[in-house]
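Visitor: Under this note's numbering, read the sequence shown as residues 1 to 454, first letter to last.
Each residue gets a CB set at the ideal place from its N, CA and C atoms; glycine is no exception.
Provided herewith is a single structure, encoded as structure tokens, for subsequent inquiry.
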Amino acid sequence: VARMVRLLLAGAKPQEILALTFTRKAAQEMRDRLYGLLEQFSQMTDEQLVHELSIRGLDGAQAQKLLPQARALYLTVLMSPQSIVIDTFHGWFGRLLGAAPISAEVQPGFNLREDAKRLQEECMQDWWGDLSADLKKHYDVLLKEFGAFETDKFLMGNYSLFKQRGAWTFFLTSCKAKGISPVDALAQCLPNLSLPNPLEVFWRCPGTKEDLQVMFDCFSNGTPTQKRDSPFIQTVINHHDVGGSVMEIADQWQSYFLTKAMAPLKDIATMSAPMQKYLAATGDDPAQITSIRNAWVDAYEAWFLWKNDQDAYAMNAAWFAMSEAMLGHMQKAKESMRVRDFDDLEIGVSQLMANPDNAAYLQARLDAKYNHILIDEFQDTNPLQWQILRAWLEGYGQDGSRPSVFIVGDPKQSIYRFRRADPRLFTSAKQFLESTMQAQYLEKNTTRRNADAI
1 VARMVRLLLA
11 GAKPQEILAL
21 TFTRKAAQEM
31 RDRLYGLLEQ
41 FSQMTDEQLV
51 HELSIRGLDG
61 AQAQKLLPQA
71 RALYLTVLMS
81 PQSIVIDTFH
91 GWFGRLLGAA
101 PISAEVQPGF
111 NLREDAKRLQ
121 EECMQDWWGD
131 LSADLKKHYD
141 VLLKEFGAFE
151 TDKFLMGNYS
161 LFKQRGAWTF
171 FLTSCKAKGI
181 SPVDALAQCL
191 PNLSLPNPLE
201 VFWRCPGTKE
211 DLQVMFDCFS
221 NGTPTQKRDS
231 PFIQTVINHH
241 DVGGSVMEIA
251 DQWQSYFLTK
261 AMAPLKDIAT
271 MSAPMQKYLA
281 ATGDDPAQIT
291 SIRNAWVDAY
301 EAWFLWKNDQ
311 DAYAMNAAWF
321 AMSEAMLGHM
331 QKAKESMRVR
341 DFDDLEIGVS
351 QLMANPDNAA
361 YLQARLDAKY
371 NHILIDEFQD
381 TNPLQWQILR
391 AWLEGYGQDG
401 SRPSVFIVGD
411 PKQSIYRFRR
421 ADPRLFTSAK
431 QFLESTMQAQ
441 YLEKNTTRRN
451 ADAI
């Protein structure tokens, strides 16, 4: 509020000021405080008004000089044909969408719904009963992996793409620009996806049967525990002889090489005394059995990595397919209801900014209106909101006519993570504003929220 007063005293017109905060309640409080303060200015004695101006950063001479102007501010603001815009990000986004050109194909006359969860439920209530065969298969993949409760979270709850709609929208746009699908993009991040099963490859290697026989002979002459385990090795040999797949015995066979914690068994590196005695009697090299078992350890570890990539691909492909269908259904439902939610506003404005033709139109309107941007509670800003603001400011290049920017916030008070607020944006904003607008960074380590004793 003090900043807006100083701007008005410096000659800024009310309509040139854009002040944004997080909630409508905060915006209304800011508006009430500003108008209340200006009304008080109009009624104060000279001494009182000089004091009020002094505590807002003016020295005595400046305050004395600006007395007439300060008294007239209340009337000036009230009589202005366009008032100061004090709003939330979403309120401002709604204004921008309302002013979008016809070519942007923004649905006119929509209503804003703030009850996002209820709106989602209303839009999706008729969707589940009409799943296609392909979507049912994808749904079964998720159910098998996560169970019903966690699957619901992934599709409808906090893990869902409903909560990351902005990021998903621009990810889709990026994929389309590259001529690939989201699952193609995922596949590029999984290096083992296109490789053959390494455990099966190892199983089919020449010499595997001979190595298995060495293991059987050593275990048959090892400790009592190793002797007890040797019959299964013979089962494995027989399975190999008939051309069976290693995957049919992989789980039990794994226990001959790895602990439950997936670490190599100690008796691989430290051979049992009975086994050493047997190898000494036969004249065989003790390093051979160690090498054979270590090779199986390596094969299993490679298989784990390969399987992780296969599972990640299957789960995410199912999640992508289900989520994309659900988001599309919800968007159609909202269009038929002529409603929008907060995410729609953010995505809509961001898409306008990303389109060169629409961006130029929007930029021209913004440039003609606002010379001063003030943002309160910046710790509650999310990445998409900052991206929109940054795109606007970047549109000026090195143009000297760019607006002044004033940002206030406290990263330690960022509590709206569930709405994607990200305190790390402070670092991004600081670097951008310092490098492009020669901004000053001011840090305050005191608070007026507590009693003096505290």
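Please state the DSSP three-state secondary structure of residue 339.
Guide: DSSP places residue 339 in strand when its eight states are reduced to three.
Visitor: What did DSSP end up calling residue 274 once you bin it into helix, strand or coil?
Guide: Residue 274: helix per DSSP, three-state reduction.
Visitor: Where do the ends of the beta strand (DSSP E) carrying residue 85 lie?
Guide: Looking at the DSSP string, the run of the beta strand (DSSP E) that includes residue 85 is 85-88.
Visitor: Hey, would you say residue 350 sits closer than 8 Å to residue 379, going by beta carbons?
Guide: No, these two residues do not count as a Cβ contact at 8 Å.
Visitor: Would you report the Cα separation of residue 170 and residue 32, rounded to the nearest angstrom?
Guide: Each residue's Cα considered, the two are about 38 Å apart.
Visitor: DSSP has residue 406 in a bridge; who is on the other side?
Guide: Beta-bridge pairing links residue 406 to 374.
Visitor: Could I get the ranges of all uninterrupted alpha helix (DSSP H) runs contained in the stretch 125-157, with 4 residues as the minimum, in chain order?
Guide: 133-156, all fully within the stretch 125-157.
Visitor: Relative to the C-alpha of residue 79, which candidate in 404, 13, 422 has its C-alpha closest?
Guide: Closest option to residue 79, Cα to Cα, is 13.
Visitor: Taking a contact to mean a Cβ-Cβ separation below 8 Å, would you say residue 86 touches residue 77 in this structure?
Guide: Their beta carbons are not under 8 Å apart, which means residue 86 does not touch residue 77 by this criterion.
Visitor: By Cβ distance below 8 Å, which residues in the same chain neighbour residue 49 in space, the five residues on each side in sequence not counted?
Guide: Same-chain partners within the cutoff: 41, 63, 67, 70, 71.
Visitor: Looking at residue 97: is its Cβ nearer than 8 Å to the Cβ of residue 327?
Guide: Contact: no.
Visitor: Just verifying my parser: in three-state terms, what is the DSSP assignment at residue 23?
Guide: DSSP places residue 23 in coil when its eight states are reduced to three.
Visitor: Between which two residues does the alpha helix (DSSP H) harbouring residue 220 extend?
Guide: Taken as a continuous stretch (DSSP letters only), the alpha helix (DSSP H) holding residue 220 covers 208-220.
Visitor: Using a Cβ distance threshold of 8 Å, determine whether the stretch 403-415 contacts the stretch 368-382, with at least three qualifying pairs required.
Guide: Flag = yes, the stretch 403-415 and the stretch 368-382 touch.
Visitor: With a threshold of 16 other CB atoms inside 10 Å of the CB of residue 55, please say whether the residue is buried or exposed.
Guide: Exposed: under 16 other Cβ atoms inside 10 Å.
Visitor: Going by CA-CA distance only, name the one from 229, 220, 212 that's closest to residue 241.
Guide: Nearest C-alpha to residue 241: 212.
Visitor: With residue 224 as the anchor, note down where its alpha helix (DSSP H) starts and where it stops.
Guide: Run containing residue 224: 224-241, per the alpha helix (DSSP H) assignment.
Visitor: Within a Cβ cutoff of 7 Å, which residues of the same chain sit near residue 254, ignoring the five residues on either side of it in sequence?
Guide: Hits under 7 Å: 300.
Visitor: Rounded to a whole number of angstroms, what is the C-alpha to C-alpha distance between residue 291 and residue 189?
Guide: When rounded, the distance between both Cα atoms is 33 Å.
Visitor: Taking its Cβ as the centre, do 16 or more other Cβ atoms sit within 10 Å of residue 427, making it buried, or is it exposed?
Guide: Residue 427 should be labelled exposed.
Visitor: Quick one: grab the DSSP three-state call for residue 9.
Guide: Three-state result, residue 9: helix.
Visitor: Tell me, please, which residues DSSP counts as bridged to residue 17.
Guide: DSSP output for residue 17 lists 372 as bridge partner(s).
Visitor: At the level of alpha carbons, what is the spacing between residue 19 and residue 383?
Guide: In a straight line, the C-alpha of residue 19 is about 19 Å away from that of residue 383.
Visitor: Can you tell which of 149, 22, 138 has the C-alpha that lies nearest to the C-alpha of residue 93?
Guide: That would be 22, whose Cα lies nearest to the Cα of residue 93.
Visitor: Quick one: Cα of residue 194 to Cα of residue 260, how far?
Guide: C-alpha separation (whole angstroms): 28 Å.
Visitor: Apart from the five residues on each side of it in sequence, which residues of its chain come closer than 7 Å, Cβ to Cβ, to residue 46?
Guide: Closer than 7 Å at Cβ, skipping near neighbours: 67.
Visitor: Give the range of the alpha helix (DSSP H) segment to which residue 74 is assigned.
Guide: It spans 67-79 - the alpha helix (DSSP H) in which residue 74 sits, taken as one unbroken run.
Visitor: Classify residue 203 as buried or exposed, calling it buried when 16 or more other Cβ atoms lie within 10 Å of its own Cβ.
Guide: So residue 203 counts as buried.
Visitor: How big is the Cα-Cα spacing for residue 444 and residue 258?
Guide: Taking the straight line from one Cα to the other gives about 56 Å.
Visitor: Specify, as a first and last residue, the run of the alpha helix (DSSP H) that residue 430 falls within.
Guide: Element bounds for residue 430: 425-437.
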